[in-house]
Each structure stands twice: as structure tokens, then as C-alpha cells.
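Student:
Numbering (the numbering used here), first residue to last: -19 to 359.
#1: Under the rule that 16 or more other beta-carbon atoms within 10 Å means buried, what is residue 307, buried or exposed?
#2: Enumerate in chain order the residues of its own chain whose CB-to-CB distance from residue 150 is below 7 Å, with the five nearest sequence positions on each side excluded.
#3: Can residue 350 and residue 262 be called in contact, C-beta distance under 8 Å?
#4: So, for residue 353: in the same chain, excluding its five sequence neighbours on each side, which residues have a beta-carbon less than 8 Å away from its beta-carbon?
#5: Measuring only between beta-carbons, confirm whether residue 234 sits less than 8 Å from chain B.
#6: Between which two residues does the beta strand (DSSP E) holding residue 199 run?
#7: In terms of alpha-carbon separation, which member of 304, 87, 84 and 107 lies closest to residue 95?
#8: Going by DSSP in three states, residue 341 sits in which element: helix, strand or coil?
#9: Could you check if residue 295 is buried or exposed, using at least 16 other CB atoms within 10 Å of its CB as the buried criterion?
#10: According to DSSP, simplified to helix, strand and coil, what is residue 315?
#11: If we count Cβ pairs, one from each stretch, closer than 8 Å, do we get three or more for the segment 63 to 72 versus the segment 201 to 214?
#12: Please classify residue 247 as buried or exposed, where buried requires at least 16 neighbouring CB atoms within 10 angstroms.
#13: Smallest Cα separation from residue 284: which of 158, 239 and 82?
#14: Okay, do the segment 337 to 349 and the segment 267 to 282 touch, 3+ Cβ pairs below 8 Å being the bar?
#15: Residue 327: buried (16+ other C-beta within 10 angstroms of its C-beta) or exposed?
#16: Name the two residues that bound the continuous alpha helix (DSSP H) containing residue 61.
#17: How would you write the range of the beta strand (DSSP E) that residue 90 sits in, first residue to last?
#18: Specify the secondary structure class of residue 170 as computed by DSSP and reduced to three states.
#19: Is it right to say residue 89 is buried, meaning 16 or more other beta carbons lie within 10 angstroms of its own, or is it exposed?
#20: Determine which residues share a DSSP beta bridge with residue 261 and list them.
#21: Given that a residue counts as buried once 16 or more other Cβ atoms are within 10 Å of its Cβ, and exposed if not, what is residue 356?
#22: Using a Cβ-Cβ cutoff of less than 6 Å, which residues in the same chain neighbour residue 59 once the five nearest sequence positions on both sides are dropped?
#23: Is residue 183 buried or exposed, if buried means 16 or more other CB atoms sit within 10 Å of its CB?
#24: Buried or exposed, going by whether 16 or more other CB atoms sit within 10 Å of the CB of residue 364?
#25: Given a threshold of 16 other Cβ atoms within 10 Å of its Cβ, counted over all protein chains shown, does residue 293 qualify as buried or as exposed?
#26: When burial is assigned at 16 or more other CB atoms within 10 Å of the CB, is residue 175 buried or exposed?
#27: Would you check if the distance between the CB atom of residue 297 and the CB atom of residue 245 is smaller than 8 Å?
#28: Please report the distance separating the alpha-carbon of residue 114 from that of residue 291.
#29: Who are the near neighbours of residue 85 in its chain, counting only those whose CB is closer than 7 Å to its CB and skipping five residues on each side?
#30: Would the beta-carbon of residue 348 fall within 8 Å of that of residue 311?
#31: Report the rounded CA-to-CA distance for residue 367 versus residue 105, giving the unit in angstroms.
#32: Which residue wins for smallest C-alpha separation from residue 156, given the options 288, 213, 335 and 198?
#33: Where do the ends of the alpha helix (DSSP H) carrying residue 184 lie?
#34: May I have the straight-line CA-CA distance separating residue 190 from residue 200, to the nearest angstrom?
#35: If you draw a straight line from the alpha carbon of residue 242 to that of residue 359, how long is it in whole angstroms?
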């Protein structure tokens, strides 16, 4: 069941949205000591996803895929993490597959399968966002030397992330779906407004930290698990929530105060992502008349239909700069204990159901706790 039966109140039109499920972060560490070959890597251009990274052109995609498969032998830990990560599953994740099946836009593959071979699109997609996409951004690697990849000094970590997490509606190549002139993803712009950016902390500091062992000691390499909204611990650490319950007249008022603790807005990424905050009677889900004893709010980007396509008209997410949002939810006066649930959603429940996606594919419960009335709790 969807927790507490919440339904998101946003645009009802089921548009075809290619959900970018990854938390792409450019990895600044080179994988070898070699120098670039004489043949420069051919860039796809700076006017689309992966342009800043110099995505493989049609002429070199196959060669890069050959290099890609050689990384695992010398970097087994990274390979094991990558295959299970959002990067590794960028093209095969059920949410992406469900959306891609509706349009098959080439724009989607540029970020979700940049190593795919144009002449045989199914080749290379299983690597998702592979090693060479982030690590070998300056020149073609020596085909005989798997350690000869280098990293371009001019390519910054934020620029690498921006190629797939900061793009306008025009890049989707689906005219009429979204109105032009608006960013469908703006995580990097959000990061620039955060305290993390002010202190010099970048994307990889949170999403690709030093790997640790089960006992908490450093493992000696950089994590390639790329943890983000789909990881409970990472999601839970991305916000602070304070709840105050009081009785006021014929109702219980639950005053909620939330702020982002991440280096971007919460939630971030794709336009359909939302953080659903719901409160309910912890002891009775329905009243004697059958009505639900619950209330909710959604933190999300809001769109409306226009002749040119969907246009953003509001944003209730937690701001990147840490400014708190405060809202009040209400319950019947006789409620003694309040259940508080915070859930991340990749898609609206109705859309997920229509796509035949499982709850585990599209939702993560970050917080599920109970408090008394009256009481004050901070999570």
C-alpha cells in the first residue's frame, strides 16, 4: 500500500517524462599514468547532455565501449559497486525503461547510455553511465594500454554533473510536452545556492566519498555506489524535520518545520520527484464514518498546462540555501498519537501504477515515527 493513502495534487496529465534516476557526479580522479593518444576524443558538442564531458561521437562510441570493459579487472571494488549503482543501472532501471518505452527519444540515451553504439543501440547500454564517461574525458585512450586514460584538467566536477543534471526542456526533443525556456533539471544551479558550495564542498564529496568497511574504517578507495534519493540513509540525512503537536479547538494541529541539509533542493533532479509528508492517527486509520484520519502535503515542483506545453508555476521543495519551510497539517481533536511519514517518490502513484511499476521502484520511506499530543520532536 502507498503509505497512508496519499495522492499528489499536481498536474493530472500523464506526460511522457524520461526520468533521470541517477545522481550523476563527475569523478575527478584519473585511472592511470599515461598520456593521451595522438587522436583526440571526438566531442558530441556543448549544446546537449554530456557535451561538457565530451561524450563519444558516433565514430568513437564503439572503441570507447571496448576500453570500458577493461576497467573491471584492475578495479574490482569499483566495478562491484558500479553495477548495482544508479549509474550502472541508468539504462536498465525499471522506472527509466517504463518511460523510455513511451518515446525512445535519442536524447534519453545520451545521458542514460552514453556508451551505446549508434549502429546497434542495444550494445553498450548495459554499462549505463560507465567508467570512461567520467574518467576519460580528455582524449582517446591507447587501445593497447588500459591504464592510459586521463582526466581533462579544464573539466570541473560540477561541470561534469551539469551535463545531465542541468538541462533545458528543448534537450528532450519532445516539442509540445514542456514549454521552452525552462530547466527541467537544475541540481547544479541549486548547489551553487547552498552552504555546501560556499564552503567548497562539491557533488562528489557527498555522492562519491571515501569507501568504508563494515567496521567504519576507510577501505582505501573512492566509493562508486553513487548513493542518492533511493538510499534510505542518504535520503534521511538530506533534511531536518521538527514537528509540534497541539490541540486547538476541534482539531489537533501538527506544525512541521523542514529544511534541506543537502547541497541542493530536496528533492532534486527530475521534475516529477516529490517528498510527501503525511501525518495520521497512529491508532485509527479511519473514523466511524469511514473517513481517513490523516493529512498530507507535497514538496515538489508544480506545473500547469499551456498552449506551448507544461510550464512550472511553483516550487514547494526545501530550498538549497537551507531556508526552512513551515506548514500546518490537521487531525481530529481526539487523536492521542500522531504518525509522521516522510516519503520520496520518483513518480506519482497513479502514474507508477499505469506503468506497472512496483512500489519499491518508485518510493523510499525516509521517516516513519510516532509522537504524542502534545509534544515536540526533531528528527
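For every residue, glycine included, the Cβ atom is placed at its ideal position computed from N, Cα and C.
Tutor: Reading it off the structure:
#1: Looking up residue 307 in the chain shown gives position 327. Exposed, by the Cβ-count rule.
#2: Here residue 150 corresponds to residue number 170 of the chain shown, with the count starting at 1. Contacts found: 160.
#3: Sequence index remark: in the chain shown, residue 350 carries index 370 (1-based). Sequence index remark: in the chain shown, residue 262 carries index 282 (1-based). Taking 8 Å as the Cβ cut-off, residue 350 and residue 262 qualify as a contacting pair.
#4: Position 373 of the chain shown holds residue 353. Contacts found: 225, 226, 227, 232, 315, 316, 317 and 318.
#5: No chain B is present in this structure, which holds just one protein chain.
#6: Walking along the chain shown from the start, residue 199 turns up at place 219. Where residue 199 is concerned, the enclosing beta strand (DSSP E) stretches over 198 to 202.
#7: Within the chain shown, numbered from 1, the residue matching residue 95 stands at position 115. Measuring from the Cα of residue 95, the nearest candidate turns out to be 107.
#8: Here residue 341 corresponds to residue number 361 of the chain shown, with the count starting at 1. Residue 341: helix per DSSP, three-state reduction.
#9: Here residue 295 is taken as the residue at index 315 of the chain shown, counted from 1. Residue 295 should be labelled exposed.
#10: Here the question's residue 315 lines up with position 335 in the chain shown. Residue 315 falls in the coil class under three-state DSSP.
#11: Under the 8 Å Cβ criterion, the segment 63 to 72 counts as touching the segment 201 to 214, having at least three qualifying pairs.
#12: The residue labelled residue 247 in the question sits at position 267 within the chain shown. Counting Cβ neighbours within 10 Å, residue 247 comes out buried, since at least 16 surround it.
#13: Numbered from its first residue, the chain shown carries residue 284 at position 304. Looking at the Cα atoms, 158 is the closest of the given residues.
#14: Touching, no, given that fewer than three Cβ pairs across the two stretches are closer than 8 Å.
#15: Sequence index remark: in the chain shown, residue 327 carries index 347 (1-based). Buried, by the Cβ-count rule.
#16: Along the chain shown, read from residue 1 onward, the residue named residue 61 stands at position 81. That run of the alpha helix (DSSP H) goes 56 to 64.
#17: Your numbering for residue 90 matches position 110 in the chain shown. Annotation for residue 90: no beta strand (DSSP E) segment contains it, though the alpha helix (DSSP H) segment containing it runs 86 to 92.
#18: Walking along the chain shown from the start, residue 170 turns up at place 190. DSSP places residue 170 within a helical segment (H, G or I) once states are collapsed to three.
#19: Locating residue 89 in the chain shown gives position 109, where the first residue counts as 1. The residue in question, residue 89, is buried, as its Cβ has 16 or more Cβ neighbours within 10 Å.
#20: Taking the chain shown and counting its residues from 1, the one referred to as residue 261 is at position 281. Checking the DSSP bridge columns, you'll see residue 261 partnered with 318.
#21: Against the chain shown, residue 356 aligns to sequence position 376. So residue 356 ends up on the exposed side.
#22: Translated into positions along the chain shown, residue 59 becomes position 79. Here residue 59 has 52 as same chain residues with Cβ atoms under 6 Å from its own Cβ, once five neighbours each way along the sequence are excluded.
#23: Looking up residue 183 in the chain shown gives position 203. By the 16-neighbour rule on beta-carbons within 10 angstroms, residue 183 is buried.
#24: Only positions -19 to 359 of the chain appear in the structure, and residue 364 is not among them; the question remains open.
#25: By 1-based counting over the chain shown, the position of residue 293 is 313. Residue 293 is classed as exposed because its beta carbon has fewer than 16 other beta carbons within 10 Å across all chains shown.
#26: In the chain shown, residue 175 corresponds to position 195, counting from 1. By the 10 Å Cβ count, residue 175 comes out exposed.
#27: Locating residue 297 in the chain shown gives position 317, counting from the first residue. Locating residue 245 in the chain shown gives position 265, counting from the first residue. Contact flag set, yes.
#28: Residue mapping note: residue 114 aligns to position 134 of the chain shown, counting from 1. Residue mapping note: residue 291 aligns to position 311 of the chain shown, counting from 1. Distance between the alpha carbons of residue 114 and residue 291: 32 Å.
#29: What you label residue 85 is simply residue 105 of the chain shown in a count that begins at 1. Its chain contains -2, 152, 153 and 154 as the residues whose beta carbon lies nearer than 7 Å to that of residue 85, once the 5 sequence neighbours on both sides are disregarded; these appear in chain order.
#30: For the purposes of this step, residue 348 is identified with residue 368 of the chain shown, where counting begins at 1. For the purposes of this step, residue 311 is identified with residue 331 of the chain shown, where counting begins at 1. In this structure, residue 311 does not lie closer than 8 Å to residue 348 by Cβ.
#31: Outside the displayed range of the chain (-19 to 359) lies residue 367, so it cannot be described from this structure.
#32: Counted from its first residue, the chain shown places residue 156 at position 176. Of 288, 213, 335 and 198, the residue nearest in Cα terms is 288.
#33: In the chain shown, counting from the first residue as 1, residue 184 sits at position 204. If you look at residue 184, you'll find it in the alpha helix (DSSP H) that goes 183 to 187.
#34: Along the chain shown, read from residue 1 onward, the residue named residue 190 stands at position 210. Along the chain shown, read from residue 1 onward, the residue named residue 200 stands at position 220. Roughly 7 Å between the two C-alpha positions.
#35: Position 262 of the chain shown holds residue 242. Position 379 of the chain shown holds residue 359. Their Cα atoms are separated by approximately 15 Å.
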